[in-house]
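So the structure is just underneath, and the comments pick up after that.
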Amino acid sequence: MANIGCLGNVPFLVSEEVTRTLSNFQWSGSARYGVHQRHAGNALTEFTGLDPDQISFEITVSRELGTEPMDEIWRLWRYERNGVTLPLTIGEHAYGRYRWTIVSHTVKDPCHDRDGNIHHAVISLKLQEYLRK
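Heads up: the sequence shown at position 62 corresponds to 61 in numbering that gives the first Met the number 0, and the numbers run straight through without jumps.
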């Protein structure tokens with residue numbers, strides 16, 4: 000079994016029974032600047048701080064890959080709706096300065112079985128850095 004990482008207790012792994020990996024990983028950050036207009040002169044730019052980092056990625060869930068898509072969707076949905084803070088680790092690297100919150104999710108390309116249950120889906124997550132006070 001290859002354990003790639005985890006978001007809280009959602010592991011990213013590859014084994015004979017389960018495959019749950021992430022793709023399209025993007026990590027971004029930005030700085031804030033204030034611009035002060037001055038009469039008859041150049042504007043003055045001032046660094047005012049940092050915005051929280053953002054991470055986005057996709058998780059493919061499929062019964063064929065050993066996961067129950069609706070269980071995964073509901074677990075992530077509850078984390079988002081309850082404001083749960085989660086550590087994010089990929090490989091040997093822990094991302095961020097503390098934890099992350101799920102700020103949005105999208106379930107894309109759901110395939111349904113003959114009973115209408117989701118058999119396969121791609122879950123897109125957007126995380127925001129959550130710092131201690």
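Every residue gets a Cβ at the ideal spot worked out from N, C-alpha and C, and that includes glycine.
What is the DSSP secondary structure of residue i, counted as helix, strand or coil?
i	result
Asp70	helix
Glu91	coil
Arg37	coil
Glu57	strand
Asn81	helix
Arg113	coil
In angstroms, rounded to a whole number, what distance separates the CA positions of residue i and residue j?
i	j	result
Tyr32	His111	48 angstroms
His92	Val9	16 angstroms
Ile72	Leu43	47 angstroms
Val121	Asp114	19 angstroms
Lys107	His119	10 angstroms
Gly135	Leu12	The first residue shown for the chain is 0 and the last is 132, placing residue 135 beyond what the model contains.
Ser55	Thr105	11 angstroms
Asn2	Arg19	10 angstroms
Gly7	Leu75	10 angstroms
Val34	Glu45	6 angstroms
How about residue i: is its Cβ closer than 7 angstroms to a heavy atom in the ligand ZN?
i	result
Gly115	Although the ligand ZN was asked about, the structure shown includes no ligands whatsoever.
Residues in the same chain with beta-carbon distance under 8 angstroms from residue i, minus the five sequence neighbours each way, listed in chain order, please.
i	result
Arg96	Glu128, Leu130
In the DSSP assignment, find the beta strand (DSSP E) that holds residue i and state where it starts and stops.
i	result
Gly48	43-49
Lys125	117-129
Asn23	21-27
Val9	9-13
Leu6	1-6
Between residue i and the rest of its own chain, which residues show a CB-CB distance below 7 angstroms, the 5 nearest in sequence each way excluded?
i	result
Arg98	Thr84, Leu85, Pro86, Tyr129
Gly4	Phe11, Thr88, Ile89, Gly90
Pull up the CB-CB distance for residue i and residue j, whole angstroms please, since I reckon it's below 8 angstroms.
i	j	result
Leu126	Ile89	That pair is no contact at about 12 angstroms.
Asp52	Gly28	4 angstroms
For residue i, I'd like the list of residues in its chain whose CB is within less than 6 angstroms of its CB, leaving aside the five on either flank, ordered along the chain.
i	result
Gln36	Ala42
Ser22	Glu57
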